[in-house]
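Peer 1: Note that my numbering has the sequence shown beginning at 1, numbered continuously upward. Pasting a structure here, questions to come.
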Amino acid sequence: MKSKNQRGGSCFMNTRTVSRFGGTLAAAGLMLAQLAAFPVSAAAPTAKDISTCDYVTTFEGGKVITQAEGGGDMSLVGLGVPLDETVSEIWIDVSMDASSGKPAMPAMGYSCPGYVNPSSGEQTDWYGDGYWMNSAMARSTIVFEIPEDAPVPDTFSVQIWGTPGDTVDTMTLNAIGINTGAGGGDIGMMTRKGDVNNDKTVTIDDVSALAEFLLVGSSNGLVNPANADLDHTNRLNAKDLTLLKRGILDGSLTSTSSNDETAMEFVSHIKLGWNLGNTLDAVPIAYSSPYQAETSWGCPMTTKAIIDTVKAAGFNTVRVPVSWGQKMNSETYQIDEAWMNRVQEVVNYVIDNDMYCILNIHHDNSQASYPYFYPDNAHYQQSEKFVKSVWSQIADRFEAYDSHLIFETLNEPRLVGHKNEWWIDPASQDCIDAMNNINKLNAAALGEIRSSGGNNEKRFVMMPTYSASPDTANLNGMVMPNDDHLIAEIHAYRPYLFALANDGTQKSNWDPQSDAGEVVTFMNDLKSRYLSKGIPVIIDEFGAMNRNNEDDRAAWVKFYLETASSFDIPCVWWDNNAFDGEGENFGLINRNTLTVQYPKIMDAMLEATKNRGNQ
1 MKSKNQRGGS CFMNTRTVSR FGGTLAAAGL MLAQLAAFPV SAAAPTAKDI STCDYVTTFE
61 GGKVITQAEG GGDMSLVGLG VPLDETVSEI WIDVSMDASS GKPAMPAMGY SCPGYVNPSS
121 GEQTDWYGDG YWMNSAMARS TIVFEIPEDA PVPDTFSVQI WGTPGDTVDT MTLNAIGINT
181 GAGGGDIGMM TRKGDVNNDK TVTIDDVSAL AEFLLVGSSN GLVNPANADL DHTNRLNAKD
241 LTLLKRGILD GSLTSTSSND ETAMEFVSHI KLGWNLGNTL DAVPIAYSSP YQAETSWGCP
301 MTTKAIIDTV KAAGFNTVRV PVSWGQKMNS ETYQIDEAWM NRVQEVVNYV IDNDMYCILN
361 IHHDNSQASY PYFYPDNAHY QQSEKFVKSV WSQIADRFEA YDSHLIFETL NEPRLVGHKN
421 EWWIDPASQD CIDAMNNINK LNAAALGEIR SSGGNNEKRF VMMPTYSASP DTANLNGMVM
481 PNDDHLIAEI HAYRPYLFAL ANDGTQKSNW DPQSDAGEVV TFMNDLKSRY LSKGIPVIID
541 EFGAMNRNNE DDRAAWVKFY LETASSFDIP CVWWDNNAFD GEGENFGLIN RNTLTVQYPK
601 IMDAMLEATK NRGNQ
């Protein structure tokens with residue numbers, strides 16, 4: 001007997017209806033009314049490998065799909081899916097021309113007589129779903145979830161929707177994956193390898209739980225199946241059991257990282273860093289899904305391919321700025337599980353590439369209605385509650401990660417909106433109070449991190465000055481806790497007129513005779529305040545915005561990084577994927593095309609840091 005969402009019966013799709021859906025709608029272009037008929041947030045991109053699906057078909061050379069010609073018709077039977085299987089997801093691996101900067105919508109659909117769209121309440125007799133990209137990605141994998149009340153028949157159509165001329169109108173289908181209800185779908189997020197019963201240890205009890213599941217199907221002890229997926233196939237099998245046993249015997253799944261290096265020794269491993277800016281730190285007007293938030297400031301969804309490109313360019317460190325307050329319950333301060341999972345997924349792209357990752361609290365310094373921190377006396381209790389809540393949950397999720405993961409307590413903590421937002425007046429009581437409160441918030445964050453145990457007991461933690469500024473007053477106002485695994489965090493877009501100014505006073509030419517002194521002076525101040533006392537420094541935001549001056553920026557960055565290297569200070573380029581027009585254009589790696597946008601700058605950075613990070 002078929003379940004209600006198995007194939008056959010009322011939702012059979014004949015050739016005629018396929019042609020109607022594939023040709024008419026695509027040729028007409030995507031209208032607002034059609035977009036409104038889509039399920040809400042049903043489709044989403046993924047960075048997981050399509051090969052983990054139950055049934056996978058790869059198209060040699062790719063299958064080209066255009067708006068003008070309609071969709072590419074597919075048969076589930078032709079893709080190897082038996083008739084009695086329940087289809088839960090359809091995955092498509094597609095490539096598009098991302099160089100145009102145009103938006104795009106990969107889509108799929110099929111006939112389903114009697115189907116009533118839950119959003120509009122209208123009977124459409126077809127089911128369709130699409131994922132709108134503000135700008136196309138060079139290559140991406142989109143997952144379409146199939147609802148139980150709209151089962152996919154044998155035949156469905158893969159399409160690209162949009163308005164001819166205004167959107168990307170051609171895509172290449174590289175592969176299709178099908179997951180079925182019997183064994184498909186995502187098994188979840190790995191939080192600790194081998195910790196099957198999710199008790200923060202890996203023991204023989206985990207072996208027993210996995211063996212019981214594999215042998216008799218009992219999931220009583222299988223609290224987190226993803227932790228048992230040691231061969232990364234998105235399925236649990238005998239190989240996972242073998243790897244679990246081996247990991248316990250050889251200690252690879254049970255040992256903790258000692259982090260016995262000093263902080264000064266540790267930072268010498270960091271060669272050159274890159275910021276994943278304007279992405280997980282974005283704060284959208286509304287938040288309904290991780291992907292909506294992540295792409296709301298115009299950057300594409302982060303994929304493993306993007307991080308691979310960053311590593312191939314020569315970076316060995318990625319800073320992952322994250323904003324949390326909007327993604328928390330305003331009463332319990334519990335971080336949304338889907339958001340935490342997405343953050344961890346991106347962190348894993350970095351760690352799995354054998355790179356260092358810096359994770360922080362970013363754009364949560366405000367007086368907004370959702371949870372936040374603000375370093376004045378009036379908001380201190382609220383601020384401490386927020387900071388401790390966030391770091392308690394981050395520390396708990398990542399406590400098994402080794403020293404490749406670095407925590408950064410706060411980003412540019414300051415009195416937002418105050419006349420002294422970006423500079424300190426040592427005589428101002430507001431500034432004095434703010435610096436004291438930032439010191440207390442840094443200490444509170446560290447307390448939560450250290451008390452969580454595991455590798456967090458000796459994790460390297462970065463702490464900022466007021467506004468992360470290297471100005472003397474800011475440096476003097478910072479008091480760091482007594483802990484030998486701390487790193488001072490600084491942001492320095494210097495010289496200011498060349499690197500950051502955008503108010504009419506800016507300059508596009510780099511003149512070492514007149515400009516070099518500003519760079520050398522602040523680095524000497526960092527040496528006096530921190531380095532001479534055995535406290536290392538990381539400049540985890542620096543850069544010079546594009547003013548159509550690649551040669552000047554290349555000469556500047558070579559001097560900047562050579563100077564920083566002479567002080568043993570690693571630097572992390574701020575990249576917001578912005579390249580043209582007015583505003584702060586700090587893009588270096590083009591995330592849409594997976595290329596280095598300014599090779600002269602990249603070459604200069606590599607030359608200047610060639611002796612770093614080799615230990």
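Glycine included, every Cβ here is placed at the ideal spot set by N, Cα and C.
1) Could you name the residues that DSSP lists as bridge partners for Pro45?
2) Let me check one thing: in DSSP terms, what residues is Cys571 bridge-paired to?
3) For chain D, find out if any of its Cβ atoms is closer than 9 angstroms to the Cβ of Ser51; answer yes or no.
4) Just how far apart, CA to CA, sit Ala293 and Thr279?
5) Run the CB neighbour count on Thr86, radius 10 Å, all protein chains shown included, and call it buried at 16 or more, exposed below.
6) Considering only residues of the same chain and omitting the five flanking positions on each side of Asn275, which have a CB-CB separation below 7 angstroms?
7) According to DSSP, is Pro599 part of a helix, a strand, or is it coil?
8) Tell me the DSSP secondary structure of Gly454 in three-state form.
9) Is Gly447 helix, strand or coil when you go by DSSP?
10) Tell me Pro375's beta-bridge partners as DSSP assigns them.
11) By how many angstroms is the C-alpha of Asp93 removed from the C-alpha of Ala286?
12) Helix, strand or coil for Tyr291, going by three-state DSSP, please let me know.
13) Just curious, the alpha helix (DSSP H) that Asp250 is in, first and last residue?
14) For Met427, count neighbouring Cβ atoms within 10 angstroms of its own Cβ and tell me buried if that reaches 16, exposed if not.
15) Here's the rule: buried if 16 or more other CB atoms are within 10 angstroms of the residue's CB, otherwise exposed. What is Pro599?
16) When you compare only the Cα positions, how much space is there between Lys440 and Tyr333?
17) In whole angstroms, what separates the C-alpha of Leu405 from that of Gly71?
18) According to DSSP, is Asn611 part of a helix, a strand, or is it coil?
19) Going by the DSSP bridge assignment, what does Lys63 pair with across the sheet?
20) Near Phe579, which residues of its chain fall below 8 angstroms by C-beta distance, leaving aside the five closest residues on each side in sequence?
21) Buried or exposed for Lys102, please, with buried defined as at least 16 other CB atoms from any protein chain shown within 10 angstroms of its CB.
22) For Gln159, does the count of other Cβ atoms within 10 angstroms reach 16, so buried, or fall short, so exposed?
23) Which residues does DSSP list as the beta-bridge partners of Ile92?
24) Our contact map puts Gly480 next to Met463 with C-beta atoms below 8 angstroms; I'd like the distance itself, whole angstroms only.
25) Tell me where the alpha helix (DSSP H) around Pro512 begins and ends.
26) Give the range of the beta strand (DSSP E) segment to which Thr155 is assigned.
27) Who are the near neighbours of Tyr291 in its chain, counting only those whose CB is closer than 7 angstroms to its CB and skipping five residues on each side?
28) Here's a check: name, in chain order, each residue in its chain whose Cβ is nearer than 6 angstroms to the Cβ of Asn437, leaving out the five neighbours to either side.
29) With distances taken Cα to Cα, identify the nearest neighbour of Leu272 among Ile306, Ile187, Lys388 and Ala313.
30) To the nearest angstrom, report how far apart Asp484 and Ala263 are at their CA atoms.
31) Applying the criterion that 16 or more other CB atoms from any shown protein chain within 10 Å of the CB defines a buried residue, is Ala338 buried or exposed?
32) Taking 6 angstroms as the limit between beta carbons, can you name the residues of its chain near Thr409, skipping five residues before and five after?
33) List the whole-angstrom C-beta distance separating Val350 from Ile394, where the pair is believed to meet the contact cut-off of C-beta under 8 angstroms.
34) Does the pairing of the segment 503-511 with the segment 322-329 give three or more beta-carbon distances under 8 angstroms?
35) Which residue or residues does DSSP assign as beta-bridge partners of Val223?
36) Taking only three categories from DSSP, how would you classify Glu408?
Peer 2: With the given structure in hand:
1) For the purposes of this step, residue 45 is taken as residue 45 along the sequence shown, with counting starting at 1. According to DSSP, which records beta bridges pairwise, Pro45 is partnered with Ile142.
2) To locate residue 571, count along the sequence shown from 1; it is residue 571. For Cys571, which the question treats as bridged, DSSP gives the partners Ile539.
3) Absent here is chain D; the protein component of the structure consists of one chain.
4) By one-based count along the sequence shown, residue 293 stands at place 293. By one-based count along the sequence shown, residue 279 stands at place 279. C-alpha separation (whole angstroms): 8 angstroms.
5) Within the sequence shown, numbered from 1, the residue matching residue 86 stands at position 86. With 16 or more other Cβ atoms within 10 Å, it is buried.
6) Sequence index remark: in the sequence shown, residue 275 carries index 275 (1-based). Excluding sequence neighbours, Asn275 sits near Arg319, Pro321, Glu541, Val572, Trp573, Trp574 and Asp575.
7) Looking up residue 599 in the sequence shown gives position 599. In this structure, Pro599 counts as helix in the three-state DSSP scheme.
8) As a working mapping, residue 454 is identified with position 454 in the sequence shown. Three-state result, Gly454: helix.
9) As a position in the sequence shown, residue 447 is number 447, starting the count at 1. Helix, per DSSP.
10) Here the question's residue 375 lines up with position 375 in the sequence shown. Per DSSP, none; premise fails for Pro375.
11) If you number the sequence shown from 1, residue 286 lands on position 286. If you number the sequence shown from 1, residue 93 lands on position 93. The straight-line gap from Cα to Cα measures roughly 28 angstroms.
12) Residue mapping note: residue 291 aligns to position 291 of the sequence shown, counting from 1. Note: Tyr291 maps to helix in three-state DSSP.
13) Position 250 of the sequence shown, counted from the first residue, corresponds to residue 250. It spans Ala238 to Asp250 - the alpha helix (DSSP H) in which Asp250 sits, taken as one unbroken run.
14) As a working mapping, residue 427 is identified with position 427 in the sequence shown. In the sequence on display, residue 427 carries Ala and not Met. The residue is exposed, with fewer than 16 neighbouring Cβ atoms inside 10 Å.
15) Reading the sequence shown from its first residue, position 599 is the one you call residue 599. Counting Cβ neighbours within 10 Å, Pro599 comes out exposed, since fewer than 16 surround it.
16) The residue given as residue 440 occupies position 440 in the sequence shown. The residue given as residue 333 occupies position 333 in the sequence shown. C-alpha separation (whole angstroms): 20 angstroms.
17) The count along the sequence shown starts at 1 and reaches residue 405 at position 405. The count along the sequence shown starts at 1 and reaches residue 71 at position 71. So the alpha carbons of these two residues sit roughly 44 angstroms apart.
18) As a first step, residue 611 must be located in the sequence shown, where it is residue number 611. Reduced to three states, the DSSP call for Asn611 is coil.
19) Along the sequence shown, read from residue 1 onward, the residue named residue 63 stands at position 63. Paired residue(s): Leu173.
20) Looking up residue 579 in the sequence shown gives position 579. Result list for Phe579: Asn546, Asn585, Gly587, Asn590 and Gln597, in chain order.
21) On the sequence shown, residue 102 is found 102 positions in, with the first residue counted as 1. Flag for Lys102 reads buried.
22) As a first step, residue 159 must be located in the sequence shown, where it is residue number 159. Buried.
23) Within the sequence shown, the letter at position 92 stands for residue 92. Partner(s): Ile142 and Ile176.
24) Position 480 of the sequence shown holds residue 480. Position 463 of the sequence shown holds residue 463. According to the sequence as given, residue 480 is Met; it is not Gly. About 6 angstroms; that satisfies the 8 angstroms criterion.
25) Working through the sequence shown from its first residue, we reach residue 512 at position 512. Counting along the chain, the alpha helix (DSSP H) containing Pro512 begins and ends at Pro512 to Arg529.
26) Locating residue 155 in the sequence shown gives position 155, counting from the first residue. Thr155 -> beta strand (DSSP E) spans Thr155 to Trp161.
27) Here residue 291 refers to the residue found at position 291 of the sequence shown. Excluding residues within five positions, the ones whose Cβ falls inside 7 angstroms are Ala44, Pro45 and Met301.
28) Here residue 437 refers to the residue found at position 437 of the sequence shown. The answer, listed in chain order, is Pro375 and Tyr380.
29) Stepping through the sequence shown from its first residue, residue 272 is reached at position 272. Out of Ile306, Ile187, Lys388 and Ala313, Ala313 has the C-alpha closest to the C-alpha of Leu272.
30) The residue you call residue 484 lines up with position 484 of the sequence shown. The residue you call residue 263 lines up with position 263 of the sequence shown. Approximately 7 angstroms between the Cα atoms of the pair.
31) As a working note, residue 338 is residue 338 in the sequence shown. Per the 10 Å Cβ criterion, exposed.
32) Translated into positions along the sequence shown, residue 409 becomes position 409. If we look at Thr409 and ignore the five residues flanking it on each side, its Cβ neighbours are Asn442, Ala445 and Met463.
33) Taking the sequence shown and counting its residues from 1, one reaches residue 350 at position 350. Taking the sequence shown and counting its residues from 1, one reaches residue 394 at position 394. That belief does not hold up - the Cβ atoms of Val350 and Ile394 are roughly 15 angstroms apart, past 8 angstroms.
34) no
35) Translated into the one-based positions of the sequence shown, residue 223 becomes position 223. According to DSSP, Val223 bridges with nothing at all.
36) Within the sequence shown, the letter at position 408 stands for residue 408. In this structure, Glu408 counts as strand in the three-state DSSP scheme.
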